[in-house]
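For the sequence shown, position 312 matches number 312 in my numbering, and the numbering has no gaps at all. Heads up, the thing below is written out as structure tokens.
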Amino acid sequence: MMNTTILKNVEDLIEDNFDEFCSIRKKLHQTPEIGYGLYETSKIVKGYLDEWGISYTDNVAKTGIVAMINEEVDGPTIALRADMDALPIKEETGVAFASFNEGAMHACGHDVHTTTLLGTTKILNMVKDQLNCKIILIFQPAEEMVKGAEKMIAEGALENPKPDFIFGMHVWPELNIGEIGVKPGSLMASMDVFEVTVKGMAGHGAAPHQGIDAIVGTSQIITSLQTILSREINPVDAAVMTIGTIEGGQGFNIIPEEVKFKGTVRTVEKETRFLLKERFESIVNNVAQANRLTADIDYDMRYPITINTPSVVHAIHDGLVEEFGKDRIVDVENPSLASEDFACYLEEVPGAFFFLGVNDGKGGAHKLHNAHFLPPFESIRNGISLFLFLVLNNELYRNVKAE
Ligand SMILES: [Zn+2]
Ligand SMILES: [Zn+2]
């Protein structure tokens, strides 16, 4: 059943092209760009696609690219996605190919993701005549914080044709180099962001009865919010509500008119996500009202929960173990409370997101978003092998029904 002949062949192709893939990674790592402004990065990606003769649409979500292989083939359409953006962090890895862009760094490994997808694209294009499917390659900007996936989808990344399945991966320092983390259902948390402005009436600190104190009221709101998690959510269901900033007041003897606070909510169950939003708004408004205050709530449901399609993951699991070996396939037990906008694609198309182990005891052992984080080159080889496995063995899942 397994497509072993092509797989053997492509393993050789990875080796033959590995030096080129490493140099692509170095180039991308040196050129970190942030958000939607990935002008140099997308130029690099398009340069290779042009050289290899692969057709694409560019300027999707400003600097995103959607490439296509085997457009005319009659078969399922499989989409693979990489995010390409970097972070506003000053790099401290000290390597020769460290960031040229002062204050920006590929500290989340998206240089590895982009290289992995480019390498996969090159090899799939070399063996395209032997493939029974169409392949869409999605190179996405702005994964960190600013809704790149949502914008890619809004601008047609999942149309003409609509993919039947989609896959992606993230370098993962919690797993050892060579390991692949697999999980059906919730893999990563939703990320919602709120900003609340509480308004009262300014007054003299010595005459509190003549004002309406926004500080005392906001303190009560914040304390009450903590009871949602401790009293209303099932203790075995993971959820986080963090208030990260609070601002208000001008002087020790002035009752302030306004207090603002901001924070984030993470959940791994859809019902919990909506319940938290509803209870958050209710507590803020009602406690504000009880204190004669008004509250203006901006609650942005930013990234959904990343939910792998269970039937797809179950269909490929044994094949992954057969191909990569039992030691390398790690069944992830609990979802990560980090979030990932790949979730947006999985709301539209069945598929799965994987954790690609990169912990080599050196640069790949640091945490994501750390100024020393540097996944090893080896992770590119492993990432390409995983993407190729998913495309070449689509018989394993192409007929499953997403529930
Ligand atoms: Zn990140
Ligand atoms: Zn990331």
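Even for Gly, the Cβ is constructed at its ideal location relative to N, Cα and C. Computed from a prediction, not measured in an experiment: that's the story for all the values here.
Where K122 and W52 are concerned, what is the direct C-alpha to C-alpha distance, given to the nearest angstrom? 7 Å
If you draw a straight line from the C-alpha of A107 to the C-alpha of I89, how long is it? 7 Å
So, for D360: in the same chain, excluding its five sequence neighbours on each side, which residues have a beta-carbon less than 6 Å away from its beta-carbon? I177, P376
Using 8 Å as the cut-off, can you tell me whether the region 12-22 makes contact with the region 378-397, which would need three or more C-beta pairs spanning the two stretches below that distance? yes
Per DSSP, what are the beta-bridge partners of D331 in this structure? V182
Helix, strand or coil for H317, going by three-state DSSP, please let me know. helix
How would you call E179, buried or exposed, if buried means at least 16 neighbouring beta carbons within 10 angstroms? buried
Considering just the uninterrupted stretch of the beta strand (DSSP E) at F342, what are its terminal residues? From DSSP, F342 is part of no beta strand (DSSP E) but of the alpha helix (DSSP H) over 342-348.
When every heavy atom of ligand 1 is checked, does at least one fall within less than 6 Å of the C-beta of C108? yes
C-alpha gap between G47 and I65, whole angstroms: 12 Å
Give the straight-line distance between the Cα atoms of M1 and G103, rounded to the nearest whole angstrom. Residue placement at M1 cannot be trusted, given a pLDDT of 42 that sits under 50; the coordinates are not used to answer.
Can you tell me whether DSSP reads M1 as helix, strand or coil? Below a pLDDT of 50, predicted positions are generally treated as unreliable, and M1, at 42, falls in that range; no measurement from the model is reported.
Just to confirm, are W172 and F355 a CB contact at a threshold of 7 Å? yes
Between T57 and G156, what straight-line distance do the alpha-carbon atoms span, to the nearest angstrom? 10 Å
Throw me the rounded Cβ distance for the A61 and M191 pair, which I believe falls under 8 Å. In fact, because the Cβ distance is near 19 Å, the residues do not count as touching under 8 Å.
Residue range of the unbroken beta strand (DSSP E) whose run includes H372: Unbroken run through H372: none, as it is neither H nor E.
contact_flag[the region 224-241, the region 274-289] where n(CB pairs < 8 Å) is 3 or more: yes
Please name the residue, chosen from M105, A238, I222, that lies closest to F261 on a Cα-to-Cα basis. I222
Hey, T264 and V198 are a contact pair by Cβ (cut 8 Å); roughly how many whole angstroms apart? Between V198 and T264 the Cβ distance is about 18 Å, and since that is not below 8 Å, they are no contact.
Is it true that the CB of F387 sits closer than 7 Å to the CB of L80? yes
Output yes or no for whether 7 Å exceeds the beta carbon distance between I54 and C133. no
CA-to-CA distance, A214 to V414, given in whole angstroms: No answer is possible for residue 414: the residues shown for the chain start at 1 and end at 403.
Three or more C-beta pairs under 8 Å: does that hold for the region 243-258 against the region 200-216? yes
So, is V391 buried or exposed, given that buried needs 16 or more other C-beta atoms within 10 angstroms? buried
List the endpoints of the continuous alpha helix (DSSP H) containing Q226. 214-227
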